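Residue numbers (this note's numbering): 38 to 447.
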């Protein structure tokens with residue numbers, strides 16, 4: 038049985054690894070970019086020279102199973118999907134992944150920005166389903182889920198062998214229904230259970246406000262995700278903030294799991310007037326992504342800038358933060374970021390399933406490789422779970438302090 042690729046349709050930053058289990062599946066993490074420059078291409082059903090014998094071995098094994106296995110056998114579609122997953126497992130790359138039609142639909146729904154589920158960004162790390170961050174004002178946040186929590190089971194069913202999207206499918210569900218998660222928290226020896234009622238989740242894009250402190254006016258803007266409409270919304274919010282004549286700006290990228298690559302370039306270009314934003318290095322080629330002209334906070338309008346980051350700042354967030362840091366455009370305040378420095382291309386297959394393949398690593402303007410390392414903040418400020426629960430934000434406080442120092446020194 039052969040399946041044709043409908044085409045290469047997306048360039049993915051978060052990869053298949055991060056999902057919003059709104060459960061959303063927002064490479065994530067959410068997490069793709071439409072790419073017109075990549076031609077749609079078709080998969081060949083013909084084996085290459087020397088592969089025929091290898092695939093004869095597969096059919097030999099399948100024939101033995103078909104005649105001797107005592108239980109029910111999978112149908113041909115299930116067999117092919119299982120074989121694809123088996124091949125992917127040999128790559129030892131958590132970001133290269135296959136999703137069946139139902140799982141692929143979850144991903145497509147996630148891109149729309151509203152879902153029914155619990156509202157937490159998850160990823161698969163070292164074979165485990167891990168919370169990257171609960172989304173604000175969601176059942177996951179109200180239930181006390183935290184960054185780093187490991188989901189061991191859903192409704193008593195272990196997730197040990199589940200891939201990310203199989204786990205997402207189990208956690209998501211109609212609003213009003215309940216799901217029980219078995220969770221292991223880092224630093225604790227015993228897991229605990231939490232029952233969460235699913236809701237309709239709408240992922241915000243951006244929020245902003247003016248902070249007035251010691252006579253200074255500071256613009257605060259938080260970006261939740263790098264979605265297609267983020268540049269327009271972000272620029273609109275910036276214009277409103279600038280009408281208040283701020284003297285400094287805080288860009289909050291905490292718990293932002295990423296999004297479209299071209300959106301990351303556009304957002305970074307609001308602060309960086311020229312030069313590189315990032316470089317992609319693939320198997321056979323290298324591509325540079327320069328800043329786009331016309332940023333609202335570039336040139337003479339380049340106000341002092343503080344960028345808030347934490348362990349939930351991933352992928353596109355790290356592109357923006359890394360570019361700002363390398364260009365000395367602002368300072369990073371908070372915690373070491375997630376460390377997602379690879380790029381995936383997403384292929385829609387003819388049966389509605391999806392194959393996502395890691396094709397490149399990306400590097401900061403100075404050539405730094407952040408994959409599995411993350412970005413170190415210029416000013417390290419931890420924020421404990423107790424502070425989060427109490428609504429205390431030392432990272433934001435430190436950003437305000439930094440900007441006040443910059444404003445007073447001018």
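Beta carbons: idealized from backbone N, C-alpha and C, even for Gly. It should be emphasised that the depicted structure is a prediction, and the values quoted were computed from it without experimental measurement.
Distance between residue j and residue i (C-alpha atoms, nearest Å)
| i | j | result |
| --- | --- | --- |
| residue 374 | residue 350 | 5 Å |
| residue 140 | residue 207 | 10 Å |
| residue 195 | residue 231 | 15 Å |
| residue 298 | residue 353 | 6 Å |
| residue 159 | residue 165 | 10 Å |
| residue 424 | residue 432 | 11 Å |
| residue 281 | residue 274 | 11 Å |
| residue 186 | residue 256 | 33 Å |
| residue 318 | residue 326 | 11 Å |
| residue 212 | residue 235 | 5 Å |
| residue 222 | residue 428 | 20 Å |
| residue 167 | residue 398 | 23 Å |
| residue 224 | residue 276 | 44 Å |
| residue 73 | residue 339 | In this prediction, residue 73 has a pLDDT of 28, which is less than 50 and means its spatial position is unreliable; nothing more can be read from the coordinates. |
| residue 126 | residue 292 | 29 Å |
| residue 154 | residue 203 | 14 Å |
| residue 115 | residue 162 | 26 Å |
| residue 245 | residue 286 | 11 Å |
| residue 112 | residue 106 | 14 Å |
| residue 43 | residue 392 | Residue confidence is low: residue 43 scores 35 on pLDDT, short of 50, so the model does not pin down where it sits. Its coordinate-derived value is still stated next. So the alpha carbons of these two residues sit roughly 11 Å apart. |
| residue 336 | residue 324 | 26 Å |
| residue 120 | residue 136 | 12 Å |
| residue 237 | residue 218 | 18 Å |
| residue 182 | residue 226 | 17 Å |
| residue 259 | residue 369 | 14 Å |
| residue 100 | residue 123 | 18 Å |
| residue 321 | residue 128 | 18 Å |
| residue 96 | residue 197 | 29 Å |
| residue 92 | residue 400 | 38 Å |
| residue 311 | residue 228 | 50 Å |
| residue 422 | residue 108 | 49 Å |
| residue 442 | residue 254 | 13 Å |
Sub-8 Å separation of residue i and residue j beta-carbons
| i | j | result |
| --- | --- | --- |
| residue 134 | residue 201 | yes |
| residue 341 | residue 279 | no |
| residue 315 | residue 356 | yes |
| residue 383 | residue 395 | no |
| residue 402 | residue 288 | no |
| residue 307 | residue 272 | yes |
| residue 328 | residue 309 | yes |
| residue 444 | residue 284 | yes |
| residue 448 | residue 263 | Given that the chain is displayed from residue 38 to residue 447, the structure contains no residue 448 and the question cannot be resolved. |
| residue 408 | residue 371 | no |
| residue 346 | residue 367 | no |
| residue 390 | residue 138 | yes |
| residue 205 | residue 143 | yes |
| residue 233 | residue 215 | yes |
| residue 178 | residue 210 | no |
| residue 103 | residue 110 | yes |
| residue 430 | residue 420 | yes |
| residue 348 | residue 184 | yes |
| residue 265 | residue 302 | no |
| residue 290 | residue 358 | yes |
Identity of the residues DSSP links to residue i by a beta bridge
| i | result |
| --- | --- |
| residue 152 | 238 |
| residue 421 | Bridge partners of residue 421: none, in fact. |
| residue 408 | Per DSSP, none; premise fails for residue 408. |
| residue 399 | 317 |
| residue 371 | 346 and 417 |
| residue 208 | The partner list for residue 208 (beta bridge, DSSP) is empty, contrary to what the question assumes. |
| residue 195 | 190 |
| residue 134 | 393 |
| residue 296 | 263 |
| residue 287 | 257 and 343 |
| residue 380 | 397 |
| residue 165 | 162 |
- Contact between the region 412–420 and the region 345–364 (3+ Cβ pairs under 8 Å): yes
- Would you call the region 242–252 and the region 177–195 touching, i.e. three or more CB-CB distances under 8 Å? No, they do not touch.
- Task: May I have a chain-ordered list of the alpha helix (DSSP H) segments no shorter than 4 residues that lie completely inside the region 312–364?
- Result: 353–363
- Please determine if the region 170–179 and the region 236–244 are in contact, where contact requires at least 3 C-beta pairs separated by less than 8 Å. yes
- Query: Is the number of C-beta pairs between the region 384–394 and the region 328–335 that are closer than 8 Å three or more?
  - Reply: no
- Message: As an exercise, report each continuous beta strand (DSSP E) stretch of at least 3 residues that is fully enclosed by the region 211–265, in chain order.
- Response: 215–221, 229–234, 236–239, 243–250 and 253–260
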